[in-house]
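What follows is a short report on a single structure.
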Amino acid sequence: MQINRCDWVSDDPLYQQYHDEVWGRPVYDSQQLFAKLCLDGQQAGLSWITILKKQHNYEDLFANFDPKVIAQFDQDKVEQLMLNPGIVRNRLKINSIIRNAKAYLSFTEQGNDFSSFLWSFVNGQPKVNHYQTAADLPAQTAESEAMSKALKKLGFNFVGPTICYAFMQAVGMVNDHTTDCFCYKK
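Going by our numbering, the residue at position 126 of the sequence shown is 134; the numbering climbs one at a time, nothing skipped.
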């Protein structure tokens with residue numbers, strides 16, 4: 009039986025599993041959202057499948073994206089990470105995860121809820137789009153531009169409007185499964 013998926017999905021079983029079970033499913037846990045935002049930042053200039061294949065390495069090397077642990081990483085740790093072929097060995101991207109952990113902690117230590125903050129850009133509920141093909145999907149929206157500006161103001165980086173929109177799609181803030189995709193109605 010032929011399963012209709014979004015046209016951006018390749019034949020790679022890992023990519024198909026990600027599309028079918030993860031992409032576009034609403035995520036509300038603050039730490040999971042932080043982790044996904046960091047991973048999407050690593051994607052800048054690369055394909056998502058590259059990061060997806062390295063995701064477990066990122067989770068292992070970055071303490072399952074525990075911001076309290078990551079915020080303690082020093083330059084020696086950065087140098088260790090730069091030698092690890094299991095992640096993208098880009099100093100700016102590695103440092104961005106550390107910087108984002110510090111920004112996350114600063115924000116949450118003031119009594120703010122990261123999940124509520126991020127979901128506020130879509131009024132707290134998934135926005136359901138009705139795109140027919142992947143070519144119809146925007147690279148960014150007014151909401152992702154607003155999210156990007158707000159995150160940068162808080163001290164985050166590698167959170168441009170295109171990265172923010174990819175993040176919003178991935179964590180289900182927007183349903184951008186194409187209308188012919190079997191996941192669309194889910």
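Just so it is clear, CB atoms sit at the ideal spot from N, CA and C, and this is done for glycine as well.
Identity of the residue in the options nearest residue i by Cα
i, options, result
"V182", "C46, F129 and Y112", "F129"
"T170", "G163, L162 and K157", "K157"
"V86", "Q140, S104 and A52", "S104"
"D37", "L126, D19 and C189", "L126"
"Q25", "K160, D48, N131 and L60", "L60"
Limits of the alpha helix (DSSP H) - the one that residue i falls within
i, result
"H27", "P21 to E29"
"G94", "That residue, G94, is in no alpha helix (DSSP H); it is neither H nor E in DSSP."
"L45", "S38 to Q50"
"I215", "With the chain covering only 9 through 194, there is no way to say anything about residue 215."
"A154", "A150 to K161"
"W127", "F122 to W127"
In DSSP terms, what residue i is bridged to
i, result
"K135", "V182"
Spatial distance of residue i from residue j (CA atoms)
i, j, result
"V17", "N120", "36 Å"
"G163", "Y112", "9 Å"
"L41", "E153", "18 Å"
"Q133", "D184", "14 Å"
Exercise for the section: Please list the segments of the alpha helix (DSSP H) lying wholly inside the stretch 54-78, counting only runs of 4 or more residues, in order along the chain. Expected result: When DSSP assignments are scanned along the stretch 54-78, the uninterrupted stretches of alpha helix (DSSP H) that are 4 or more residues long and fall wholly within it turn out to be 56-69 and 75-78.
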